[in-house]
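> Residues 964 to 1122 (our numbering) are what the sequence shown spells out, left to right. Don't be surprised by glycine CBs; every beta carbon is placed ideally from N, CA and C.
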Amino acid sequence: MPEAAIVMDAGSGQREIITEDSCWWGNVSMTADERWLAYAVCEPEGEGARIREVHLRDLESGEDQILASMDHWLGRVLLSPDGTTVLAASCESGPVTEAPRLCTTSILTPGGQVLAFPEGWSPLAWAADGQIYLGDDLNTPRRVALGSVSSGELEVIFP
């Protein structure tokens, strides 16, 4: 069931509701300077929720952009350190453990072209430069790669 996503200032206690339809597993990501917030809007669907949209919000101005509309199960939303790029992993099937999982990681930028990594990969973390990310293979345990956001190419680094 969708839930509200709320941003709160820990010092003042001031709160702002970002959306009433946040994905129930809390797929939000914020930059370290607390300026940019990426989040997914979902709709109820059986045991979880299907993603409808991936948003990017400038918390200083309040401007909110829809980066993509989708109809898949959300795996993860990961915002780059500078707030310019969102990696959104989505899967055709719900939260199941059977392989293979048909999942795609989309590279989303405001006003930019949507790129995708090969199926089955999910983002784990960004490199400090915001151009490379660490990803894991959802269908092969303990297999990780570095992905380039400019080319969409992956280089398996383990094993």
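Going by CA-CA distance only, name the one from Ser975, Glu1055, Val970 that's closest to Glu997.
Closest by alpha carbon: Val970.
> Excluding five sequence neighbours on each side, which residues of the same chain lie with their C-beta closer than 8 angstroms to the C-beta of Ala1031?
For Ala1031, where only same-chain residues beyond five positions count, the Cβ hits under 8 angstroms are Glu1016, Val1017, Ala1051, Ser1069, Leu1071, Val1077.
> Measure the C-alpha to C-alpha separation of Leu1042 and Thr1048 and round it to an integer number of angstroms.
Distance between the alpha carbons of Leu1042 and Thr1048 is about 6 angstroms.
> Buried or exposed, going by whether 16 or more other CB atoms sit within 10 Å of the CB of Ser992?
Buried.
> Taking the alpha carbon of His1035 as the reference point, which residue from Thr1067, Pro1081, Gln1028 has its own alpha carbon closest?
Among Thr1067, Pro1081, Gln1028, the Cα nearest to that of His1035 belongs to Thr1067.
> Exposed or buried, what is Arg1020 when buried is set at 16 or more other beta-carbons lying within 10 Å of its beta-carbon?
Buried, by the Cβ-count rule.
> Can you grab the Cα-Cα spacing for the pair Arg1106 / Glu1023, in whole Å?
Looking at the two C-alpha atoms, the distance is approximately 38 angstroms.
> For Ala1108, report the span of its beta strand (DSSP E) as first-last.
Segment 1107-1111, the beta strand (DSSP E) holding Ala1108.
> Taking Gly1174 as the reference, which of Val1040, Gln1028, Leu1000 has the closest Cα?
Lying outside 964 to 1122, the shown extent of the chain, residue 1174 is not represented and no answer is given.
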